Amino acid sequence: MSPFGSKRTLSRRVFGTVFVVAFAAIAVFTVVGSAFLQNNLAQVTRSELHDEAEIVAAALDSTVNDIAVLERVDIDNTRLTLIAEDGTVIYDNQEPASQMENHGQRPEVIAARETGHGSDERDSSTLGEVMLYEAVLLGNGQVVRIAQAQAGVLSILLSFVGPLLIIAAVVIVVSFFAARRESRAIIAPLLDVDLDHPKRNMEAAYAEMVPMLERIESQRQELKQQMRVLADNDRMRREFTANITHELKTPLTTISGYAELISSDMVVDEADIKDFGSRIYREAGRLTSLVNDILTLSNLDEAERSESNDAASVLGSTEPVDLPRMLETVQQRLEHVAHKSDVAVFLDAHPAMVIGVPRLLDELAYNLASNAIRYNRPGGSVVLSCGIDEGRPFIRVEDTGIGIAHDEQAKIFERFYRVDKSRSKARGGTGLGLAIVKHAAAFHGATIDLESEPDCGTRITVTFPVQVLPSVTD
Ligand code: ADP
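Every letter in the sequence shown is one number past the one before it in our numbering, and letter 208, counting from 1, is 208.
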């Protein structure tokens, strides 16, 4: 049994095509050939009949005893008729003339009377045959006519039926073997294709297969890339989870340690209780910031994966955000921290609007400004600016702080990456601030430009795309 069962096979298809084409070609050739053959035969016969009619007419014109001449004429399969001027049949070599009807209206007789010579072709009483007539006008006004039966197209065709059946049988056998051979030859390069390395097969493959191989190759590359991204994502997710666990554990351990000390009455000094209480409060604050940052990042991750409508439900809907007003609020909220760190914060705000999620844009500006203060030195300064550059709104935060080494600059946007871990923690950092900035900027289609020199300071500019709000063109 065929391994393909009842499924249609290529060899069956090729067989069908070869057989139909070959047989159709033979059949058409037979029909056209028969018509051509019949036409040629008829022409030859007509010309012979014409010559014979002329000869008989010449003989009749030179004699007075027409009937005697006609009876002596012996031409195979030929009917000989002599017709009087009024159409009456005077002589016929196949039927008694007296029983024959008037021939005066026969087309070949009329033509002979008018031009001296007439011919006609009519279906014979025998199926598939035609009668050819040639008539010549005699000197005495009578007409002599010669007729002969000729095979028609149909009878020629019928004569080919036998050979045609034999040819069809031969065509079936030849088509069967040709189809088997052809389909194997067609399939061979397809079976040889190594789908793991389609490029290697391009030279040996049919030209028609090249686009398909190219597609397979590009899909393989895409798949590889997606696998790489998935593996990276998976690695990052695992690292992120490990980091979160670690980051949450540290303040929790501290909190539970101090709480245990207080609850077990081991701390008796009022001042110590107050100190432990404030440490618990500080660690709890860090936990809250950490959980908030984790939530924001996870919302941003979810928004990146979802459609724009779903993103709005995760992050909040977009609306025009006035950048100068936003920076002013950020400055006010950080006033206390800046004062404590002895850092002066200046505002250089020019009108600019961005269509975005207010909470995210606020967090973006707040994180940048907070870093600029926290990684500064006493007596340092921070400038918060915004405006429009070549039609594109921007937010810029510039500080005179500790700066970032060049090889660290790309890494600081990664989750939980800190250049100086103890400094970050001492200043209440979660290690997620710039990761939130990166994703919030990407969500708004903005680019981040970082310029920093260790010991000199840092300048971070977030540039948004041109906004379709007439009022933002300034
Ligand atoms: P953190 O919560 O630790 O501040 P961020 O993601 O905000 O986390 O920043 C990552 C790291 O980048 C920081 O720990 C710090 O080392 C460095 N950094 C960020 N902003 C600045 C800045 N303005 N000046 C110097 N270093 C900075």
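Cβ atoms here follow ideal geometry from the backbone N, Cα and C, with glycine treated the same way.
All values derive from a computational prediction rather than experimental measurement.
Exercise for the section: Please find out if some non-hydrogen atom of ligand 1 comes closer than 7 Å to the beta-carbon of Asn367. Expected result: Yes, the beta carbon of Asn367 sits closer than 7 Å to at least one heavy atom of ligand 1.
Practice task
Flag Asp399 as yes when its Cβ comes closer than 7 Å to any non-hydrogen atom of ligand 1, and as no otherwise.
Solution key: The closest heavy atom of ligand 1 lies less than 7 Å from the beta carbon of Asp399.
Problem - Start and end residues, beta strand (DSSP E) containing Tyr133 - result: Residues 129-137.
Exercise for the section: Determine, using beta carbons only, whether Asn201 and Leu191 come nearer to each other than 8 Å. Expected result: Their beta carbons are not under 8 Å apart, which means Asn201 does not touch Leu191 by this criterion.
Exercise for the section: Evaluate contact between the segment 126-142 and the segment 160-177, counting only Cβ atoms and requiring at least three cross-stretch pairs below 8 Å. Expected result: Counting C-beta pairs closer than 8 Å gives fewer than three between the segment 126-142 and the segment 160-177, which falls short of the contact rule.
Handout entry: Among Ser313, Ser218, Gly403, the one whose alpha carbon lies nearest that of Leu450
Key = Minimum Cα distance to Leu450 is reached at Gly403.
Problem - Under 8 Å between C-beta atoms of Phe394 and Thr463 - result: It is a contact, given that the beta carbons lie within the stated cut-off.
Problem - DSSP bridge partner residues for Tyr91 (one or two, in chain order) - result: The bridge partners DSSP lists for Tyr91 are Leu82.
Practice task
With hydrogens ignored, establish whether the beta-carbon of Leu434 is closer than 7 Å to any heavy atom of ligand 3.
Solution key: Summarising the ligand content, the structure contains ligand 1 and does not contain ligand 3.
Problem - Secondary structure of Glu101, DSSP reduced to three states - result: Here Glu101 sits in coil by DSSP.
Practice task
Could you tell me if Asp420 is buried or exposed, where buried requires 16 or more neighbouring beta carbons within 10 angstroms of its beta carbon?
Solution key: Looking at its Cβ environment, which holds fewer than 16 other Cβ atoms inside 10 Å, Asp420 is exposed.
Problem - Thr329 beta carbon near ligand 1 (any heavy atom closer than 7 Å) - result: No, since every heavy atom of ligand 1 falls outside the 7 Å radius drawn around the Cβ of Thr329.
Exercise for the section: Compute the Euclidean distance between the alpha carbons of His50 and Val170, then round it to the nearest angstrom. Expected result: About 43 Å.
Problem - Any non-hydrogen atom of ligand 1 closer than 7 Å to Asn514 Cβ - result: Given a span of 1 to 474 for the chain in the structure shown, any question on residue 514 remains unanswerable.
Exercise for the section: Just the C-alpha distance for Pro107 and Thr115, rounded to the nearest angstrom, thanks. Expected result: Between Pro107 and Thr115, the C-alpha separation is close to 12 Å.
Handout entry: Local Cβ density within 10 Å of Gln150, reported as buried at 16 or more and exposed below that
Key = Buried, because 16 or more other Cβ atoms sit within 10 Å of the Cβ of Gln150.
Practice task
Have a look at Asp342 and Arg228 and give me their C-alpha separation to the nearest angstrom.
Solution key: When rounded, the distance between both Cα atoms is 47 Å.
Problem - Residue of Pro189, Ile216, Glu217 minimising C-alpha distance to Ala205 - result: Taking only the C-alpha atoms, the option nearest Ala205 is Pro189.
Exercise for the section: Please report how far the alpha carbon of Met1 lies from the alpha carbon of Phe176, in whole angstroms. Expected result: At Met1 the pLDDT is 45, less than 50, meaning the model places this residue with poor confidence and gives no usable figure here.
Problem - Pick from Asp232, Asp86, Ala284 that is closest to Ser256, judged by C-alpha positions - result: Of the candidates Asp232, Asp86, Ala284, the residue whose Cα lies closest to the Cα of Ser256 is Ala284.
Practice task
Decide yes or no for the touch test of the segment 117-126 against the segment 67-74: beta carbon pairs closer than 8 Å, at least 3 of them.
Solution key: Because the criterion of three Cβ pairs below 8 Å is not met, the segment 117-126 and the segment 67-74 do not touch.
Handout entry: Buried or exposed by the 16-neighbour rule on C-beta atoms within 10 Å, applied to Asp92
Key = Buried, since its Cβ has 16 or more Cβ neighbours within 10 Å.
Practice task
Just the C-alpha distance for Ala312 and Val397, rounded to the nearest angstrom, thanks.
Solution key: Spanning the two alpha carbons is a distance of roughly 27 Å.
Handout entry: Beta-carbon proximity list for Ser424, same chain, < 7 Å, skipping 5 on both sides
Key = Excluding positions up to five away in sequence, the list reads Arg418, Gly431.
Exercise for the section: Starting from Pro320, follow the beta strand (DSSP E) in both directions and report where the run begins and ends. Expected result: Unbroken beta strand (DSSP E) run through Pro320: 319-322.
Exercise for the section: Would you check whether ligand 1 has a heavy atom nearer than 7 Å to the C-beta of Asp420? Expected result: At least one heavy atom of ligand 1 is nearer than 7 Å to the Cβ of Asp420, so yes.
Exercise for the section: Check whether the Cβ of His341 sits closer than 7 Å to any heavy atom of ligand 1, and report yes or no. Expected result: Here the sequence assigns Ser to residue 341, which means His is not the residue at that position. For ligand 1, not one heavy atom lies less than 7 Å from the Cβ of Ser341.
Handout entry: Expected contact under 8 Å - CB spacing of Ile75 and Glu54 to nearest Å
Key = Taking a contact as a CB-CB distance under 8 Å, the pair Ile75 and Glu54 does not count as one, their CB atoms being some 13 Å apart.
Exercise for the section: Could you spell out where the alpha helix (DSSP H) holding Arg113 opens and where it closes? Expected result: 107-115 is the extent of the alpha helix (DSSP H) around Arg113.
Problem - DSSP-derived helix/strand/coil call for Ser2 - result: Any reading at Ser2 needs caution, since the residue's pLDDT is 48, under 50, leaving its predicted position unreliable; the model's value is listed next. In this structure, DSSP gives Ser2 a state outside helix and strand, which the three-state scheme calls coil.
Handout entry: Whole-number beta carbon distance between Leu434 and Asn367, since they are thought to touch under 8 Å
Key = Yes, Asn367 and Leu434 are in contact; Cβ-Cβ is about 7 Å, under 8 Å.
Exercise for the section: Give the straight-line distance between the Cα atoms of Ser155 and Glu129, rounded to the nearest whole angstrom. Expected result: Rounded to the nearest whole angstrom, the C-alpha separation of Ser155 and Glu129 is 7 Å.
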